[in-house]
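Asks: Dropping the structure in here first, questions after.
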Amino acid sequence: MTVQLLRRKFTVEQYHKMLESGILTEDDRVELIRGEIIEMSPIATKHAACVNRLVNLLVQLLGKRVIVAAQNPVALNDNSQLQPDVALLKPRDDFYATAHPQPQDIFLLIEVADSTIEYDREEKIPLYAEANIIEVWLVDINEEIVEVYQQPTAAGYQDMQKFASGQTLSIKAFPDVNITVNEILGR
């Protein structure tokens, strides 16, 4: 006889209550993905440097047109709250003090990956598409490429382009802003 084990799924509200009660702390590196609490891998130095470089670059290029958030939560739906490496958010006077950003607040999400590239591609990117995030960048530190995902549907992104060293990309919401892969990777 085979026993089927059931997994306990959590809502974003329950996840927040775990934080409030001390079951989870803000120092825990976890995300809520499809109701499951997933431990995130440690941040390596190249990964951290790339995130810092992106934040600095985007603040310089976009100024007060956006809020640049680094590794802060975004609430995608009732059972998923992720912490993308960088989020470009619509400006708000309260800087999202009353609620985490939701899909309609997001111009662009950026995931930087070295050891988690397959997980980001197979789990996070499809979840972002389901939540109708208009644009996602996946910076692959190892291959030194940036994958740009656009045109979200419930089945995934309809458009994916890869950019390599020497190439330039722009943000869909800000087509006047150009960024080179070399700037992102520090080359």
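Heads up: the sequence shown is residues 1272 to 1458, going by this note's numbering. We treat Cβ as the ideally placed atom computed from N, Cα and C, and that holds for glycine.
Starting from Met1431 and walking both ways along the beta strand (DSSP E), at which residues does that stretch end?
Replies: 1427-1435 is the span of the beta strand (DSSP E), which, as asked, contains Met1431.
Asks: If you scan the segment 1303-1383 from start to end, which runs of the alpha helix (DSSP H) of 4 or more residues do you find wholly inside it?
Replies: Within the segment 1303-1383, the complete alpha helix (DSSP H) runs of at least 4 residues are 1316-1333.
Asks: Using the C-alpha atoms, what's the distance from Asp1391 back to Leu1409?
Replies: Between Leu1409 and Asp1391, the C-alpha separation is close to 8 Å.
Asks: Using the Cα positions of His1318 and Ile1396, report the straight-line distance between them to the nearest angstrom.
Replies: Rounded to the nearest angstrom, the two C-alpha atoms are 18 Å apart.
Asks: Can you tell which of Gly1306, Met1431, Ser1312 has the C-alpha that lies nearest to the C-alpha of Asp1299?
Replies: Selected option, being the one with the closest Cα: Ser1312.
Asks: Ignore the nearest five residues each way along the sequence and tell me which others in Leu1295's own chain have a CB closer than 6 Å to its CB.
Replies: Answer for Leu1295: Met1289, listed in chain order.
Asks: Put Leu1456 into one of helix, strand or coil per three-state DSSP.
Replies: In this structure, Leu1456 counts as helix in the three-state DSSP scheme.
Asks: Which of helix, strand or coil does DSSP assign to Ser1386?
Replies: Three-state DSSP puts Ser1386 in coil, outside helix and strand.
Asks: Let me know if Phe1366 comes out buried or exposed under the rule of 16 or more other beta-carbons within 10 Å of its beta-carbon.
Replies: Looking at its Cβ environment, which holds fewer than 16 other Cβ atoms inside 10 Å, Phe1366 is exposed.
Asks: Starting from Val1283, trace the beta strand (DSSP E) in both directions and tell me its first and last residue.
Replies: Here Val1283 belongs to no beta strand (DSSP E); instead the alpha helix (DSSP H) covers 1283-1292.
Asks: Have a look at Asp1364 and Ala1346 and give me their C-alpha separation to the nearest angstrom.
Replies: Those two C-alpha atoms are separated by around 19 Å.
Asks: Nearest-angstrom Cα distance between Gln1342 and Met1272?
Replies: The straight-line gap from Cα to Cα measures roughly 45 Å.
Asks: Taking DSSP as the reference, what is the three-state secondary structure of Glu1415?
Replies: Coil at Glu1415, not helix or strand.
Asks: Can you give me the C-alpha to C-alpha distance between Ala1426 and Ile1404, rounded to a whole angstrom?
Replies: Looking at the two C-alpha atoms, the distance is approximately 13 Å.
Asks: Around the C-beta of Ala1402, are 16 or more other C-beta atoms found within 10 angstroms, so that it is buried, or is it exposed?
Replies: Looking at its Cβ environment, which holds 16 or more other Cβ atoms inside 10 Å, Ala1402 is buried.
Asks: Enumerate in chain order the residues of its own chain whose CB-to-CB distance from Glu1394 is below 8 Å, with the five nearest sequence positions on each side excluded.
Replies: So the list reads Ile1304, once near-sequence residues are dropped.
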